[in-house]
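Novice: In the UniProt record's numbering, the protein residues as written are 1 to 162.
Where a beta carbon is used, it is the ideal one built from N, C-alpha and C, also for glycine.
A quick note: this is a predicted structure, and the numbers were derived from the prediction, not measured.
Let me give you the structure first, and then I'll get to my questions.
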Amino acid sequence: MPQKPSNPPLKRHPNLVPLSHDHHDSLVFALRIKKFITKVDHKIMQQYILHHWESVMKNHFKEEEGCFLSVVDPQHELIVHFTEDHKAIREYIRQLGTDSPDFEKIARAFSEKLNQHIRFEERQLFPFLQEHLSDQQLEAIGHALSHKTNGCDNFPNPFWKK
1 MPQKPSNPPL KRHPNLVPLS HDHHDSLVFA LRIKKFITKV DHKIMQQYIL HHWESVMKNH
61 FKEEEGCFLS VVDPQHELIV HFTEDHKAIR EYIRQLGTDS PDFEKIARAF SEKLNQHIRF
121 EERQLFPFLQ EHLSDQQLEA IGHALSHKTN GCDNFPNPFW KK
């Protein structure tokens, strides 16, 4: 039986592209955690994680929440998933800021959660927004992000280059 061709993915709406750029940077970040967690001193990894949070992710979360929570019903299943993920990621950051003996385990779980969350936003949430928001709403998101510059992840110890 011939397979039905799948629908091609939607091209990312230009007003959401700045967020997708941050997602790319944070996917690289998550991969570095996964790849180097056993090869780098935990204090250095902790500093790297907290630096990326402060320089990229913290503001990214605020921007997304400011843009999406005002235009989509907060009870919509995708928005519930979105807000629960943000809450869980913030909790991982809180835990990673401590001297937990389970640092490596927490860092691995954080890396995986971040990866899953980004893929959820790119594959489910953003296409939903593009299909269901009006042009005016998407333009308002673009306007809210127009001041955005890519986060500066200039960690002073680029251990991944060694």
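Would you grab the beta carbon distance between I118 and L27 for me? Rounded to a whole angstrom, and I think it's under 8 Å.
Specialist: About 6 Å; that satisfies the 8 Å criterion.
Novice: According to DSSP, is K35 part of a helix, a strand, or is it coil?
Specialist: In this structure, K35 counts as helix in the three-state DSSP scheme.
Novice: Exposed or buried, E131, counting other C-beta atoms within 10 Å across all chains shown (16 or more means buried)?
Specialist: Exposed: under 16 other Cβ atoms inside 10 Å.
Novice: From Q116 to V56, what does the alpha carbon distance come to, in whole angstroms?
Specialist: Looking at the two C-alpha atoms, the distance is approximately 18 Å.
Novice: Nearest-angstrom Cα distance between I33 and H21?
Specialist: Roughly 19 Å between the two C-alpha positions.
Novice: Of the residues P101, D73 and H52, which one's Cα is nearest the Cα of R90?
Specialist: That would be H52, whose Cα lies nearest to the Cα of R90.
Novice: Just confirm the distance between the C-beta atoms of F82 and L129, as a whole number of angstroms; I'd bet it's less than 8 Å.
Specialist: In fact, because the Cβ distance is near 10 Å, the residues do not count as touching under 8 Å.
Novice: Quick one: complete alpha helix (DSSP H) runs, 4+ long, within the segment 58 to 124?
Specialist: Counting whole runs of 4 or more residues, the segment 58 to 124 contains the alpha helix (DSSP H) stretches 58 to 68, 77 to 96 and 103 to 120.
Novice: Under three-state DSSP, which class holds S134?
Specialist: Note: S134 maps to coil in three-state DSSP.
Novice: Just the Cα atoms here: how many angstroms apart are L138 and E121?
Specialist: Those two C-alpha atoms are separated by around 16 Å.
Novice: On the DSSP letters alone, give me the boundaries of the alpha helix (DSSP H) that L50 sits inside.
Specialist: Run containing L50: H42 to H52, per the alpha helix (DSSP H) assignment.
Novice: With a cut-off of 8 Å, do at least 3 Cβ pairs link the segment 87 to 103 to the segment 28 to 48?
Specialist: Judged by Cβ distances under 8 Å, the segment 87 to 103 makes contact with the segment 28 to 48, as three or more pairs qualify.
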